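Chains as they are written, first to last, in the numbering used here: chain A, 28 to 367; chain B, 28 to 367. Quick reminder that beta carbons are idealized off the backbone N, C-alpha and C, glycines included. Computed from a predicted structure; not experimentally measured. Here is the structure we will look at.
Protein chains: 2
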Amino acid sequence: MNLKQLAHMLALSQTTVSRALNGYPEVNEETRRRVMDAAKRHGYRPNPSARRLATGKTGMIGYVLPTGASVDIDPHFVEFLSGLGDYARSHELDLVLSPADADDQETTYRRIVANRQVDAVYISSPRPADRRVALVNTLGIPFIVHGRSEGFDFDYAFTDIDNEGAFHEAARLLIQLGHRRLALINGDDRETFAIHRERGVRRALATSGLTLGERHVCSVVMTEENGYRATRRLLEEGDAPTAIACSSLIMALGVVRAVRDLSLSIPGDVSLIAHDDVFPWLRPENFSVPLSTTRSSIRLAGARVAERLAARISGLEEGARGEVWPVDLVVRGSVAGAPG
Amino acid sequence: MNLKQLAHMLALSQTTVSRALNGYPEVNEETRRRVMDAAKRHGYRPNPSARRLATGKTGMIGYVLPTGASVDIDPHFVEFLSGLGDYARSHELDLVLSPADADDQETTYRRIVANRQVDAVYISSPRPADRRVALVNTLGIPFIVHGRSEGFDFDYAFTDIDNEGAFHEAARLLIQLGHRRLALINGDDRETFAIHRERGVRRALATSGLTLGERHVCSVVMTEENGYRATRRLLEEGDAPTAIACSSLIMALGVVRAVRDLSLSIPGDVSLIAHDDVFPWLRPENFSVPLSTTRSSIRLAGARVAERLAARISGLEEGARGEVWPVDLVVRGSVAGAPG
DNA sequence: AGAGTCTTCCAAAGCGCTTTGGCCTTTTTG
DNA sequence: CAAAAAGGCCAAAGCGCTTTGGAAGACTCT
């Protein structure tokens with residue numbers, strides 16, 4: 028059942044039927060009702076391919092997925108996706124993932140824009156002066172950055188959490204508890220979130236005249252194993268920290284294991300605070316010692332990003348508004364006063 | 028730059044240019060070369076929307092993503108996606124995720140098929156007599172099932188791993204080591220993979236005249252917490268098992284924690300084998316006691332599914348071939364002879 | 001009553017590609 | 001050497017929708 032048939036059946040022109048269906052004003056209300064009714068009754072659904080060709084609108088949002096044999100998709104992605112999908116569903120939006128060579132995403136961005144494959148895109152895990160952000164900005168497709176980039180001469184729309192504030196608070200708490208030697212086990216420090224977190228820790232330390240030792244900050248891919256290794260290194264050297272801030276719950280698993288392997292205890296010998304993105308399958312309160320966390324649901328962020336993308340597509344949102352969400356500091360058993 | 032312009036520029040008809048580009052035979056090789064050359068030089072890319080409208084082909088594969096406030100996307104999904112994306116990238120395929128109400132996916136399947144939004148779909152986490160499989164089969168869109176359904180009067184194409192064999196082997200090993208009371212901490216037993224795994228364990232036990240106790244098998248969502256709870260329950264009751272087979276590494280984290288909380292040890296008091304889907308961020312050899320596993324890379328499965336989908340789209344693969352991959356049994360420190 | 005204004009609808013022109021049916025040359029064939 | 005076949009190309013008809021530029025009729029206004 029296509030427009031032509033439907034129009035014929037109603038003894039109307041395609042024009043009128045199309046307009047009636049799409050809510051244009053220049054059609055009699057009674058006619059509109061007739062059309063709507065017939066459309067529903069016959070289960071008429073406009074062919075999206077045709078509509079796309081005519082309008083350029085796709086009803087899809089895009090994400091360029093970096094891939095490659097040695098590229099691992101972040102497990103956080105799936106949670107973000109839960110939120111995004113949940114919103115998208117209620118608005119009949121689909122998400123198209125365009126896999127790209129991790130080292131050449133530009134080609135793919137250009138392709139999906141040139142081909143009008145999606146109405147908007149989002150970008151995640153941005154770095155300072157991220158080329159993708161600059162690119163989509165010049166390409167002129169609506170977009171939202173999940174996280175923040177920095178150092179552009181233009182503004183853009185983003186949804187981020189207050190990483191600096193979160194880690195500032197976490198460090199401040201540890202300092203208040205008497206800790207003097209903190210360590211930070213961070214994610215990839217080419218990404219903005221990691222930079223902000225480090226800044227937060229440094230700022231808190233500086234306030235008390237302390238510093239983050241050169242060897243007390245590490246930047247690694249956030250795996251359990253890397254959490255373990257980093258912790259071993261930190262605790263086995265002289266000048267070992269008495270408190271650790273850690274950028275992910277997954278790494279925290281490794282931290283806990285390392286501490287145990289060294290026959291030390293949390294929080295007796297070392298206090299631990301980790302960032303919690305809220306995974307349904309791994310919860311900080313269920314660690315052997317309940318973990319203090321800076322908490323922010325990445326899933327909610329996904330829903331929010333979808334919402335904003337939808338708003339931008341429909342023209343409801345404009346401009347370069349960035350929003351920064353506060354992060355909860357949740358204190359549990361893994362922190363205590365500094366030993367000694 | 029569109030076909031018309033390109034054709035004009037070459038002083039050829041659109042027909043010829045189109046044919047030259049798409050490899051049709053009825054065009055002079057020299058002409059073809061000229062066309063190809065000009066197309067490349069001017070960066071001509073056929074507009075996919077137009078092509079879709081004309082051919083019905085989209086160059087996209089689809090996945091219906093169950094969503095909802097209380098629906099969690101399986102963390103395995105992201106690894107599967109890595110593999111899928113990796114293959115898709117090299118073949119210029121995009122993946123479209125269509126979020127659907129978890130309780131009504133049929134509507135969405137019908138929509139994406141009716142609208143010709145994708146060339147093929149895949150289905151994951153199937154259950155016996157899965158309605159989605161029956162649906163896409165009748166809808167007539169090419170598809171691959173990742174995993175297996177059962178109990179249809181038709182055949183279909185799937186890629187699965189030998190879950191039954193894997194858990195049969197695991198259980199057999201434990202039995203050989205003298206264990207008599209095994210327990211199985213399984214995933215949702217409405218899904219086929221869980222059923223097969225249980226069957227594998229039961230079969231191994233039966234061979235030695237043993238059985239799987241009523242209370243020694245649990246079926247839960249695969250989270251750390253559920254692994255913990257299940258283990259506590261198993262070990263605190265009378266008739267506690269001396270060996271546990273566990274369906275996921277994430278649950279195994281909980282198992283290990285529970286065993287420790289009870290001041291028991293692995294493998295001294297209880298042996299443990301878990302299934303490992305091969306996550307980059309959590310590896311069985313890095314557990315406090317290196318974990319024995321049944322191992323199968325879900326990522327490779329993703330790549331394979333993509334490959335088969337591409338083959339079906341292009342007509343290279345037909346029929347209802349199902350393939351079952353063997354699973355490696357990797358023995359590490361977490362298994363030992365039965366205590367006592 | 002004639003001019004201007006809405007209101008309501010339509011015919012037809014795209015959107016950019018593929019594909020059908022056919023036309024002209026050139027080559028092969030009996 | 002005429003007839004048949006093959007090679008190489010083209011014009012034009014879709015694919016199903018949106019949108020432009022009217023047009024017919026109803027209504028208001030002077």
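- Task: Could you say which of B/G265, B/E344, B/L261 lies nearest to B/V282 if we only look at CA atoms?
- Result: B/L261
Same chain, Cβ closer than 7 Å to A/V332, five either side skipped, listed in chain order: L111, Y149, I171, H173, T186
Can you confirm whether B/W352, when its beta carbon is compared against all beta carbons of chain A, has any partner nearer than 9 Å? no
Per DSSP, what are the beta-bridge partners of B/V244 in this structure?
B/L211
(message) So with CB distances below 7 Å, who are the chain A contacts of B/T320?
(response) Chain A residues near B/T320: none, gap ~15 Å exceeds 7 Å.
**Item:** Interface residues of chain B facing A/P75 [CB-CB closer than 7 Å]
**Value:** N142, Q144
Apart from the five residues on each side of it in sequence, which residues of its chain come closer than 6 Å, Cβ to Cβ, to A/Y71?
-> M28, L33
- Task: Closer than 7 Å, Cβ to Cβ, to anything on chain A: give me those residues from the segment 304 to 331 of chain B, in chain order.
- Result: P307, W308, L309, R310, N313, S315
- Are there three or more Cβ pairs, one per stretch, closer than 8 Å when the segment 74 to 91 of chain B is compared with the segment 104 to 123 of chain B? yes
* To do: Using a Cβ-Cβ cut-off of 9 Å, state whether A/F194 counts as contacting chain B.
  => no
Among the candidates A/G342, A/R322, A/L108, whose CA atom is the shortest distance from the CA of A/A193?
A/R322
(Q) If you reduce the DSSP assignment to three classes, tell me which class B/G349 lands in. (A) strand
(request) Would you kindly report the start and end of the unbroken beta strand (DSSP E) that includes A/V123? (result) 121 to 128
From the DSSP output, which residues share a beta bridge with B/H302? B/T321
Under 7 Å by beta carbon: chain B residues contacting A/A115 | P126
- Query: In this structure, what does DSSP give as the bridge partners for B/I340?
  - Reply: Note: B/I340 sits in no beta bridge, so no partner.
I'd like to know if B/V98 contacts chain A, where contact means its C-beta is closer than 9 Å to some C-beta of that chain. yes
- Task: Can you pull the chain A residues whose beta carbon is under 9 Å from the beta carbon of B/I277, in chain order?
- Result: W308, L309
Quick test of your reading: B/P311 and B/L276, contact by CB under 8 Å. State the CB separation rounded to the nearest angstrom. 6 Å
ask   = If we count the other Cβ atoms within 10 Å of its Cβ and call it buried at 16 or more, is A/P169 buried or exposed?
value = buried
> Using a C-beta to C-beta distance shorter than 7 Å, which residues of chain A count as neighbours of B/R260?
Replying inline: Simply none; closest approach about 15 Å.
(Q) If I measure Cβ to Cβ from B/I188 and keep anything under 6 Å in the same chain, skipping five residues before and after, which residues do I get? (A) S323, W352, V354
What residues from the segment 218 to 251 of chain B come within 9 Å of chain A, judged by C-beta to C-beta, listed N to C? V248, M249, T250, E251
Item to check | Neighbourhood of A/L162 by C-beta, 7 Å cutoff - its chain only, sequence neighbours within 5 removed | outcome: E133, Y136
Identify the contact partners of B/Y71 in chain A, using a Cβ-Cβ distance below 7 Å as the criterion. Here the premise fails: no neighbours, minimum Cβ distance about 11 Å.
Can you name the residues that DSSP bridges to A/G89? A/V123, A/V148
Are the C-beta atoms of B/S109 and some chain A residue less than 9 Å apart?
yes
| Between the C-alpha atoms of B/A330 and B/R116, what's the straight-line distance to the nearest angstrom? | 10 Å
Which residues in the same chain have their Cβ closer than 7 Å to the Cβ of A/A66, if we skip the five residues on either side of it in sequence?
L33, L48
In whole angstroms, what is the alpha-carbon distance linking B/G346 and B/A184?
7 Å
B/G112: contacting residues in chain A (beta-carbon distance under 8 Å) | L92, T94, I100, L124, P126
Q: With DSSP collapsed to three states, give me the class of B/D64.
A: helix
- Interface residues of chain A around B/D121 at Cβ under 7 Å? V123, L124, S125
* **Interface partners of A/F181 on chain B, CB under 9 Å** => Chain B residues near A/F181: none, gap ~26 Å exceeds 9 Å.
Exercise. By Cβ distance, which residues of its chain are closer than 6 Å to B/V316, with the 5 residues on each side in sequence left out?
Worked result: I293, G360, S361
- Query: Are B/I325 and B/S274 closer than 9 Å when you measure CB to CB?
  - Reply: no
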